[in-house]
Structure formats: C-alpha cells, structure tokens
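Read in order, the letters of the sequence shown correspond to residues -21 to -1, 1 to 133 in mature numbering (1 follows the signal peptide of the UniProt record, and there is no 0). Ideal Cβ positions, reconstructed from N, Cα and C, are used throughout, including at glycine. None of these values were measured; they are calculated from a predicted model.
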Amino acid sequence: MKANKILNTFFVLALAMFLAACGTTDSVNPDMGNGSSDGVVEDEVTAVLEQMDDDLYRYTVNNQTEESVTFNFTSGQRFDYTISNADGEEVYRLSSVSSYIQALGEETLEPGDKLEYEFEIPPLDLESGVYTITAWLTPEEGPKYEVEIEHTIE
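Printed below as a string of structure tokens:
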C-alpha cells in the first residue's frame, strides 16, 4: 500500500512537471528579417542604422515580437561596424582597432525593448565620396541583424 502511494505521488509530480514545461522555452530563434527596417514591423526583430549628426550614428535592434530574445556573446563586444568605399573595399573596421574584455555575456531583449549603440566615425584620411557604413550585432550564434547606410565625405 505504501509503495502504491509513493508511486502515485511520483506519477502526479512527474505529470505536473511535464504539463508545466509544455509550451515554454528558454530561447527564441528570432526572425532574421531582411536586415533593415524603415518602420515598425510586428512580430520581427529588426535593426536600424541612422545618422544622428555629421559623424555620429546609432545602431538599434528592436524586439517587436511577443517573446524575449537572448543574444549570447563571447566577449565584451556587442556590435561592430565597417566603412567601405564605392568599390566595396573595407577601409575601416571598429574591431580591428578596439580591445574587448574576454568574458561571456548576454543581452536579453524583452518584448518591445531595444538595444541601442551610438558610435562616432573617427577622423580618417579618406577621399571625398560616398562610403557605406555597415553595422551588426556580434553574438556567438544566430542572426547578426546587419544594416547599412551611406556616409558622404565632402
């Protein structure tokens, strides 16, 4: 009789744990989108790169889904950007001139939250012309949410 009571209790606990776990997840595979967004797109994680001032830019990743999205990083670096000339040749990369702490980290975006990173283009000896700035997240896995914008040097 005692064995049946223990067995029944175990069964009820196992069933309760199974039912509690149904429909839940620890991570989300966010929609990769098209890499850019000119407006609000529901049910997607989107990225925008906008010019704030002459050489000041803001890279934003928006969670417009109904679930949390977690990005895991292998260092203190959260994003990177490059500047490329009209021929597509890379003339500057932030991570090539920066150092980052070597520590695991994560950023979690709750529904409706965003990550924002502002950066200033350093003084570079570049010829006049139109350049492309490309920014992206640097998570260990998953979408990078790469976006680009033109930058003109007169």
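Would you mind reading off the limits of the beta strand (DSSP E) that contains D22? Looking up residue 22 in the sequence shown gives position 43. For D22, there is no enclosing beta strand (DSSP E), as DSSP gives it neither H nor E.
**Report entry** Cβ pair Y124, V40 closer than 8 Å
**Finding:** The residue given as residue 124 occupies position 145 in the sequence shown. The residue given as residue 40 occupies position 61 in the sequence shown. The answer is yes: Cβ separation under 8 Å.
For K93 and T44, what's the separation of their Cα atoms in angstroms?
On the sequence shown, residue 93 is found 114 positions in, with the first residue counted as 1. On the sequence shown, residue 44 is found 65 positions in, with the first residue counted as 1. Distance between K93 and T44, taken at the CA atoms: about 11 Å.
* Through-space distance from L28 to L105, alpha-carbon basis -> Along the sequence shown, read from residue 1 onward, the residue named residue 105 stands at position 126. Along the sequence shown, read from residue 1 onward, the residue named residue 28 stands at position 49. Answer to the nearest angstrom: the Cα atoms are 21 Å apart.
At what residues does the beta strand (DSSP E) containing R72 begin and finish?
Here residue 72 corresponds to residue number 93 of the sequence shown, with the count starting at 1. Here the beta strand (DSSP E) through R72 covers 69 to 72.
Looking at the secondary structure, which residues open and close the beta strand (DSSP E) in which R37 lies? Taking the first residue of the sequence shown as position 1, residue 37 is located at position 58. Counting along the chain, the beta strand (DSSP E) containing R37 begins and ends at 35 to 42.
3-residue-minimum beta strand (DSSP E) runs that sit fully inside the region 56 to 103, ordered along the chain: If we require 3 residues or more, the beta strand (DSSP E) runs fully inside the region 56 to 103 come out as 58 to 63, 69 to 72, 84 to 88, 93 to 99.
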